[in-house]
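Novice: Per the numbering used here, the sequence shown runs over residues 8 to 176. This is the structure, below, for whatever I ask next.
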Amino acid sequence: MPSQYNIEYLKKTKEKLKTGKAFYFTDFTGISVQNMEKLRRELKKNNGNYLVLKNTLGLLAMKDLGYEEEVISKMFTGPTGIAIAFDDPIPLAKIITNYENLKIKGSLIEGKFYVTEDVIRFSRIPPKESLYGQLVGSLNLLGNFANVLESLLRNLISTIEAIKNKEEK
8 MPSQYNIEYL
18 KKTKEKLKTG
28 KAFYFTDFTG
38 ISVQNMEKLR
48 RELKKNNGNY
58 LVLKNTLGLL
68 AMKDLGYEEE
78 VISKMFTGPT
88 GIAIAFDDPI
98 PLAKIITNYE
108 NLKIKGSLIE
118 GKFYVTEDVI
128 RFSRIPPKES
138 LYGQLVGSLN
148 LLGNFANVLE
158 SLLRNLISTI
168 EAIKNKEEK
């Protein structure tokens, strides 16, 4: 029979996990208290959080939220911490990969499981705002290209009309 403490712990954990869009599972063995506090502050600045979980209760919470046990059970071995992204998951990937003693076990992003190497690749992706800027820049180039084509067509029509007028005279 679960204790009242565990029931409350599970309930609070599920509430925190429910709103997450991405979860980075880590082994925090060897990270100092100062670095852990620094990590938590950085994650909070980037709309994230870091939870240290008991494996059995963490697994129960994730199962209750609809995640498959076969996928997530691998994440709950040894000391387990979860970096939770409530918005854009990329900044959190950048942050957790900067901590040498924080071992990344894997991640769940929008319900899909990713291995450690994928998380490292995600950390190299530019921030969302930068990608939007690149997209806008590309669209501006397309707009400029359309203007060039329009002016070429105008010149072609003017030339054809000039030839037509010349032949009529």
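Ideal placement from N, C-alpha and C gives every residue a C-beta, glycine not left out. All values reported here derive from a predicted model rather than from experimental measurement.
1. Please list, in chain order, all residues of the same chain as VAL78 whose beta carbon is under 7 Å from its beta carbon, the five residues on each side excluded.
2. What is the residue span of the alpha helix (DSSP H) that LEU72 lies within?
3. Can you round the beta-carbon distance between TYR57 and ALA90 to whole angstroms, since I take them to be within the 8 Å contact cut?
4. I'd like the list of long-range same chain contacts for TYR16, defined as Cβ closer than 7 Å, with 5 residues on each side in sequence excluded.
5. If you compare alpha carbons, which of LEU24, THR36, SER165, THR26 is closest to LEU109?
6. Under a three-way DSSP split, which group does VAL122 fall into?
7. Along the chain, where does the alpha helix (DSSP H) that runs through THR166 open and close?
8. For the candidate residues LEU142, ARG161, GLY88, SER10, whose alpha-carbon lies nearest to that of LYS61?
Specialist: Per the coordinate set shown:
1. Numbered from 1 along the sequence shown, position 71 holds the residue referred to as residue 78. Only PHE120 meet the Cβ criterion.
2. In the sequence shown, counting from the first residue as 1, residue 72 sits at position 65. It is not in any alpha helix (DSSP H) - LEU72 carries neither H nor E in the DSSP assignment.
3. Residue mapping note: residue 57 aligns to position 50 of the sequence shown, counting from 1. Residue mapping note: residue 90 aligns to position 83 of the sequence shown, counting from 1. TYR57 to ALA90, Cβ: 5 Å. Contact.
4. Position 9 of the sequence shown, counted from the first residue, corresponds to residue 16. Cβ within range, chain order: LEU64.
5. Here residue 109 refers to the residue found at position 102 of the sequence shown. Out of LEU24, THR36, SER165, THR26, THR36 has the C-alpha closest to the C-alpha of LEU109.
6. Locating residue 122 in the sequence shown gives position 115, counting from the first residue. Coil at VAL122, not helix or strand.
7. For the purposes of this step, residue 166 is taken as the residue at position 159 of the sequence shown. Start and end: 135-175.
8. Within the sequence shown, numbered from 1, the residue matching residue 61 stands at position 54. Out of LEU142, ARG161, GLY88, SER10, GLY88 has the C-alpha closest to the C-alpha of LYS61.
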